[in-house]
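Structure, as structure tokens:
2 protein chains.
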Amino acid sequence: MRSGRVRIKDIAAEAGVSVTTVSYILNKTPTQTFSPETVKSVLDAANKLGYVPNMAAKALVSNRSHMIGVVIPQTEQHREVMFSNPFYGDFLSSVEYTARQNGYHILISGTNADQTYIGVARTRGLDGIIILGMYMEQHYDEIKKAGMPVVLVDCYVDGHDFNTVKIDDLQGGYMAAKYLLDKGHRRIAHVTGRLKERGVNQQRMYGWKKALEEAGAAYDRSLLYDGEVSYEYGVILGGRLAESFRESGVTAAFVSADIMALGLYKGLKDGGVSVPGDISVVSFDDTWIAGICDPALTVVRQDVALKGKTAVEAVLGIIDGGITEKREIILPIRIVERGSVIGK
Amino acid sequence: MRSGRVRIKDIAAEAGVSVTTVSYILNKTPTQTFSPETVKSVLDAANKLGYVPNMAAKALVSNRSHMIGVVIPQTEQHREVMFSNPFYGDFLSSVEYTARQNGYHILISGTNADQTYIGVARTRGLDGIIILGMYMEQHYDEIKKAGMPVVLVDCYVDGHDFNTVKIDDLQGGYMAAKYLLDKGHRRIAHVTGRLKERGVNQQRMYGWKKALEEAGAAYDRSLLYDGEVSYEYGVILGGRLAESFRESGVTAAFVSADIMALGLYKGLKDGGVSVPGDISVVSFDDTWIAGICDPALTVVRQDVALKGKTAVEAVLGIIDGGITEKREIILPIRIVERGSVIGK
DNA sequence: TGTTATTACTGAAACGATTCAGTAGAGAGC
DNA sequence: GCTCTCTACTGAATCGTTTCAGTAATAACA
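For the protein sequence lines, the chains are A and B, in the order given.
Quick note on numbering: the first sequence equals residues 3 to 346 in the working numbering.
Quick note on numbering: the second sequence equals residues 3 to 346 in the working numbering.
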């Protein structure tokens, strides 16, 4: 049943040339020249026999797996990779596509206790890795030592010399709050998650705070709603916001992720608070769900697909040797106005 | 900078034993016995040197890559793998997790014109593949010939002898329509996509039709709304449904995917038709978005995570040689009542 | 004491590619 | 006719494992 594997050796026999010749011709090695007839006979033989290269053998000798790893955060309660998070989904679609266009495959993996991702990466011989939003000081040395091309996405840990792709999250938070301030809002809550971690949310919060302070608008701890970046926490925090709605005087909220914003909608609605009637909402990211809720979310938009593409190109740039110096790529963001904000 | 790779040979030298011994000890080969001291010295040496196995070499000699491929449908307009589709996202999370628990990694890939997935699978030496919802008669022979462990998920093409994991989609459609009929609805539209393809949607439609016919309820072509399985098409079809709402007498709709149901909500709302006030909606799948819309969707629920887990276990069963006969696994479904249906 | 098992370990051939370091023959230049 | 350069091609080592087929030494059995 199992089709006996065709090897380069079989092609060589069929075409009456050496294994070396077949390898050179199949790989179109530019430094080697062959007569058109030889080329044709090798190609024909390969075709006729149904040759399929063996990546394991290629990888072993060339030390190139043509795979890049993608590390996606997991939380403790969530032992699975969160493909369903729209941000990760959009990002991965783009990463997979760009990699594939360049002849690479991606190996997505969460990490578990007994295996660090870098261990997997070395075992699998990954050519490079893209690490998404990891709070990774503890892994820094290990990664460094592995000497593997690495691109960090959305990483705010410093003291490393890895290449980075990100947006200006502080500026994004600032834009969001400024936008609401310009619309006449004065008490603007911020709904976010994992604020203690040195990540994008912390930056967005700083931006929000900065805008409030600059405008001389009230800023106090009670305006800050911190939880997890999830729909469920959006609901919870929305509930809290609704509860204190009357006395707090809050008229707008800046939410640091679309998925939380949807939860917030639900929490507010259940608490009898309407969007944007009672509270205007600005969200962040502009994943595909931002457009499908009601009212559609006004957001600070980042191009997640571009981010994925850029990350792949960056890691490929290191792998192929072009890029050697440390580089930080900051992608643009902008406000996209939809229906979740009204002026005050 | 780059840490010189540690090989088994280096461990052997360090521990003063042969390469063979190291290999056996590291792999805990059950047929081989060694003295405790030897075992310890090898393990210590491996640890001290920071040994990381080389999967490419392992794969080359053992013909096992410990990777399984996952094929996710792409459409023509969508050249990227649709991670963002909640169904695929939920499925992949589960597949990745289950695979990882079993020491496997998954290779997700779309296909492009010049490379069939099976070609990738053979080149990469994948140990097995999970094919999701593919209308794959044209690939049947190729896959068959590759002699690779395959599990088909949600596949309704017959004449093959591959293992299959699915639900009873016809029964699911029947349940949805029956549920609405029992609630007193008589004119029940069906909103779906890619009906011409021999896939799950066709089956669900047959089930819907069967229930209508059994109940002696009206069934005519005008009740059928066919498009693509996407949010956008949900909006379009919702718009059409809203347009003809007054004269059609439709009071309920059975939608064949959550993502379309969300679109339908939007289309109906824009057309001035309310859910469930004017039209009750039953959706299908129960992905994470089914609970977050308003009103939350009453759905025919399938356990997508279980489906992913089952698919991985099935393919692992073939790989490890346990399962050889053709098997068809049908997972259970049930109605989950939420807020999108009212009685008539 | 001689045969047979058992334990602990090893040598070397694979696996399927790549690529360095050639070689043989033809043509050019003088 | 001699060297030199090119073109077209090849032999063999190498990548890091696994695993078959041993071997030598000791223990068990008759």
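Note that beta-carbon positions come from the ideal geometry of N, C-alpha and C, so glycine has one too.
None of the values given here were measured: they were computed from a predicted structure.
In this structure, the CA atom of B:H162 is about 20 Å from the CA atom of B:K309.
Using beta-carbon distances, A:V193 does not count as an interface residue toward chain B, since no partner is under 7 Å. Between the segment 82–93 of chain A and the segment 84–100 of chain B there are three or more inter-stretch CB-CB distances shorter than 8 Å, so the stretches are counted as touching.
In this structure, DSSP gives B:E327 a state outside helix and strand, which the three-state scheme calls coil.
Chain B has a Cβ within less than 7 Å of the Cβ of A:A59.
Assigned with DSSP and collapsed to three states, B:V275 falls in coil, not helix or strand. Secondary-structure assignment with DSSP links A:V8 through no beta bridge to anything.
In the three-state DSSP reduction, B:M69 falls in the strand class (E or B).
For the pair A:R336 and A:G174, the Cα-to-Cα distance works out to about 8 Å.
According to the DSSP secondary-structure assignment, A:N165 is paired through a beta bridge with A:V153. For B:M84, the neighbours in chain A by C-beta distance under 8 Å run, in chain order, S95. Under a 10 Å Cβ-count criterion, A:S67 is classified as buried, with 16 or more other Cβ atoms of the shown protein chains found around its own Cβ. Across the structure, B:M177 and B:G209 are spaced so that their CA atoms are roughly 8 Å apart. In the DSSP assignment, B:I132 falls within the unbroken beta strand (DSSP E) covering G130 to L134. Close partners of A:T125 in chain B (Cβ separation under 8 Å): V54, P55, N56 and M57. In this model, A:G105 and A:L318 are separated by some 11 Å (Cα to Cα). Look at A:L172 here: in three-state DSSP terms it is helix. Measuring C-alpha to C-alpha distances from B:V97 to each of B:A219, B:V73, B:G229 and B:E82 identifies B:V73 as the nearest.
In the DSSP assignment, B:S96 falls within the unbroken alpha helix (DSSP H) covering P88 to Q103. Measuring C-alpha to C-alpha distances from A:T100 to each of A:R340, A:G323, A:V343 and A:V306 identifies A:V306 as the nearest. Fewer than three pairs of CB atoms, one per stretch, sit closer than 8 Å, so the segment 24–40 of chain B makes no contact with the segment 13–33 of chain A. At a cut-off of 7 Å, the C-beta of A:L154 has no neighbouring C-beta in chain B.
For the options A:Y227, A:D287, A:A191 and A:V283, the alpha carbon positioned closest to that of A:L197 is the one of A:Y227. Contact between the segment 270–287 of chain B and the segment 46–60 of chain B is absent: fewer than 3 CB-CB pairs across the two stretches fall below 8 Å. Note: A:D296 is not bridge-paired with any residue in the DSSP secondary-structure output. Contact between the segment 222–240 of chain B and the segment 185–204 of chain B is present: three or more C-beta pairs spanning the two stretches fall below 8 Å. Under the three-pair Cβ rule at 8 Å, the segment 294–306 of chain A counts as touching the segment 249–267 of chain A. Among the residues facing chain B, A:G91 is included, as its CB has a counterpart in that chain under 7 Å away.
In this model, B:A213 and B:Y181 are separated by some 9 Å (Cα to Cα).
Checking the DSSP bridge columns, you'll see B:G240 has no partner listed. When Cβ pairs closer than 8 Å are counted between the two stretches, the segment 145–165 of chain B is seen to touch the segment 311–330 of chain B, the count reaching three or more. Straight through space, the alpha carbons of B:A14 and B:K42 are spaced by roughly 13 Å. DSSP lists B:I335 as the beta-bridge partner residues of B:Q304.
Under the DSSP assignment, A:T194 falls in the beta strand (DSSP E) whose first and last residues are I190 to G195. With respect to chain B, the C-beta atom of A:H107 has a partner C-beta closer than 7 Å. Per the C-alpha coordinates, the member of B:S285, B:D288, B:T253 and B:W290 positioned closest to B:V275 is B:T253.
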